[in-house]
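Here the sequence shown is numbered in this note's numbering, starting from 2 and rising by one per residue. Virtual Cβ for every residue (Gly too), placed ideally from N, Cα, C. As the structure is a computational prediction, the values presented were derived from the model and not from experiment.
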Amino acid sequence: MSDLASRLPKAELHIHIEGTLEPEMMFDLADRNRVELPWRDVDEVRAAYRFTDLQSFLDVYYAGAAVLRTEDDFADLMAAYLRRAHAGGVRHAEIFFDPQTHLRRGVGFPVFMEGFRRAMAAASRELGMSSALIMCFLRDLPPADALATLEQAEPHLEGVVAVGLDSAEQGHPPEPFADAYRRAKALGLRAVAHAGEEGPASYIRGALDTLGVERVDHGVRCLEDPDLVARLRDERIPLTVCPLSNVRLRVVDRIEDHPLPRLLEEGLVVTVNSDDPAYFGGYVDDNFRAVADGLGLDDATLVGLARNSVDASFLDDARKRALHAEIDRVAAG
Ligand code: ADE
Ligand code: ZN
């Protein structure tokens, strides 16, 4: 079957919209908004994409995000991601955004939310693609900042399905964000968190016990704690795994060393995602292709990963059934 990686209908559940900013758009927006970047041109920014760890990436990612200023910028960014994702088989996306990154530059909720929603509505109309937003708190900023951000977000939550926790993980455990998560749930939001990417397995436990998350973003370091693996399997907690990101951020040395097969052997609900595709060398279909080639996964395993992505999403049962039927049609050839 040719290029099953792109043709398989799937959901993408771990994608940072700011991480879809391709260098060409970064420079177009820098010109449009007269923002000074620390790089001279597209080649120079690409040369900066040689990361040694998560923080070395975040430094570049936050510098790039500085070009995003107007509602049109956020709409253009979202439209470009949704178009590219759709071409790679994505039928539903749950998309992280980092409000604190924009608020601290004086760009407010109405600006980015209107931009996002305009592009998401157009993708629904024109591509039949569903999408929702996940509002992330930056864990390297004080928890009081997260609470203040949530308060500011309250009038703008249309289209937001959940809260998440991202940015520098080491030394920033989840527990201090318990109040922000409690408040978010009281507002009717679901909960996810990055945990066990660079940080220890205990951060995954903390995210489950203290934040009450329904999904763990990354979570690959759960393998260091067999009791935690058993719990994730028994409670069917999905892990949104990002293989090319893990290689680029040196969580693993090579795609051939990625623990995805072990996670699947353990019976965990694993999904494959792109994280920050403009920075890590590929969208979700590229990640499917990379694990198929690098780890020798067969077609049935890829179909299983696509099924997991639908099951792990926050979609209602009717839409899940419709997407499963689409997967069945493609899998049957
Ligand atoms: N923000 C964007 N990408 C991230 C990642 N992989 N981990 C933590 N925070 C992020
Ligand atoms: Zn991420």
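Inset, instruction - Go through its chain and collect everything with a Cβ distance to Q56's Cβ below 7 Å, but skip five positions before and after it. - result: A169
Inset, instruction - Run through the region 179-226 for me and flag every whole beta strand (DSSP E) of 3 or more residues, listed as ranges in chain order. - result: 191-196 and 216-219
Inset, instruction - Say yes only if the C-beta of D276 is nearer than 6 Å to one or more non-hydrogen atoms of the ligand ZN, and no if none qualify. - result: yes
Inset, instruction - With distances taken Cα to Cα, identify the nearest neighbour of V162 among P174, A179, A181 and L190. - result: L190
Legend entry - Proximity winner among Y63, R106 and E155, relative to T71 (alpha-carbon distances): R106
Inset, instruction - With R92 as the anchor, note down where its alpha helix (DSSP H) starts and where it stops. - result: Run containing R92: none in the alpha helix (DSSP H); it sits in the beta strand (DSSP E), V91 to F98.
Inset, instruction - Locate the beta strand (DSSP E) running through M136, then write down its first and last residues. - result: S131 to L139 is the span of the beta strand (DSSP E), which, as asked, contains M136.
Inset, instruction - Return the Cβ separation of V214 and N247 in integer angstroms, given the expectation that the two are a contact with Cβ distance under 8 Å. - result: Actually they are not in contact, since the Cβ atoms of V214 and N247 sit about 20 Å apart, beyond 8 Å.
Inset, instruction - Measuring only between beta-carbons, confirm whether E127 sits less than 7 Å from chain C. - result: Note that chain C does not occur in the displayed structure, where there is just one protein chain.
Inset, instruction - For L128, collect the residues of the same chain with a Cβ closer than 8 Å to its Cβ; drop the 5 residues on either side in sequence, then sort them by chain order. - result: L83, R84 and H87
Legend entry - Contacting residues, own chain, Cβ-Cβ under 6 Å from E198 (five flanking each side not counted): E170 and H219
Legend entry - Element boundaries [alpha helix (DSSP H), containing V68]: V68 -> no alpha helix (DSSP H), and no H or E assigned at all.
Legend entry - Contact set for R8: own chain, Cβ-Cβ below 7 Å, skip 5 residues either direction: G90 and V331
Inset, instruction - Could you tell me the boundaries of the alpha helix (DSSP H) in which T302 lies? - result: D300 to D312
Legend entry - Where H1 falls: helix, strand or coil (DSSP): It is not possible to answer for residue 1, since the shown part of the chain is limited to 2 through 334.
Inset, instruction - Using beta-carbon positions only, say whether C223 and H15 come within less than 7 Å of one another. - result: Annotated as distal: C223 and H15, with beta-carbon spacing of 7 Å or more.
Inset, instruction - Determine, using beta-carbon pairs with one atom in the region 15-30 and one in the region 58-73, whether at least three such pairs fall under 8 Å. - result: yes
Legend entry - Check: S168 C-beta below 6 Å from any heavy atom of the ligand ADE: yes
Inset, instruction - Answer yes if the region 312-332 comes into contact with the region 90-99, meaning at least three C-beta pairs across the two stretches below 8 Å, and no otherwise. - result: In the pairwise beta carbon analysis, the region 90-99 is classified as touching the region 312-332: at least three pairs are separated by under 8 Å.
Inset, instruction - For the alpha helix (DSSP H) containing D44, list its first residue and its last residue. - result: V43 to A48
Inset, instruction - Inspect the CB distances between the region 144-163 and the region 99-115 and report whether three or more fall short of 8 Å. - result: yes
Inset, instruction - Can you grab the Cα-Cα spacing for the pair D54 / P39, in whole Å? - result: 20 Å
Inset, instruction - Evaluate contact between the region 36-50 and the region 72-81, counting only Cβ atoms and requiring at least three cross-stretch pairs below 8 Å. - result: no
Legend entry - Outcome for N34 when other beta-carbon atoms lying within 10 angstroms are tallied against a minimum of 16: Answer is exposed; the Cβ neighbour count stays below 16.
Inset, instruction - Check V271 in the structure and name its three-state DSSP category. - result: Note: V271 maps to strand in three-state DSSP.
Inset, instruction - Report the option in L306, A301, A279 and P260 whose CA atom is closest to the CA atom of V270. - result: Comparing C-alpha distances from V270 to each of L306, A301, A279 and P260 shows the shortest one belongs to L306.
Legend entry - Bridge partner(s) assigned by DSSP for F12: One point to set straight first is that residue 12 is Ala, not Phe, in the sequence displayed. Looking at the DSSP assignment, A12 forms a beta bridge with H93.
Legend entry - Cβ-heavy atom distance, G200 to the ligand ADE, below 6 Å: Checking every heavy atom of the ligand ADE against the Cβ of G200, none is found closer than 6 Å.
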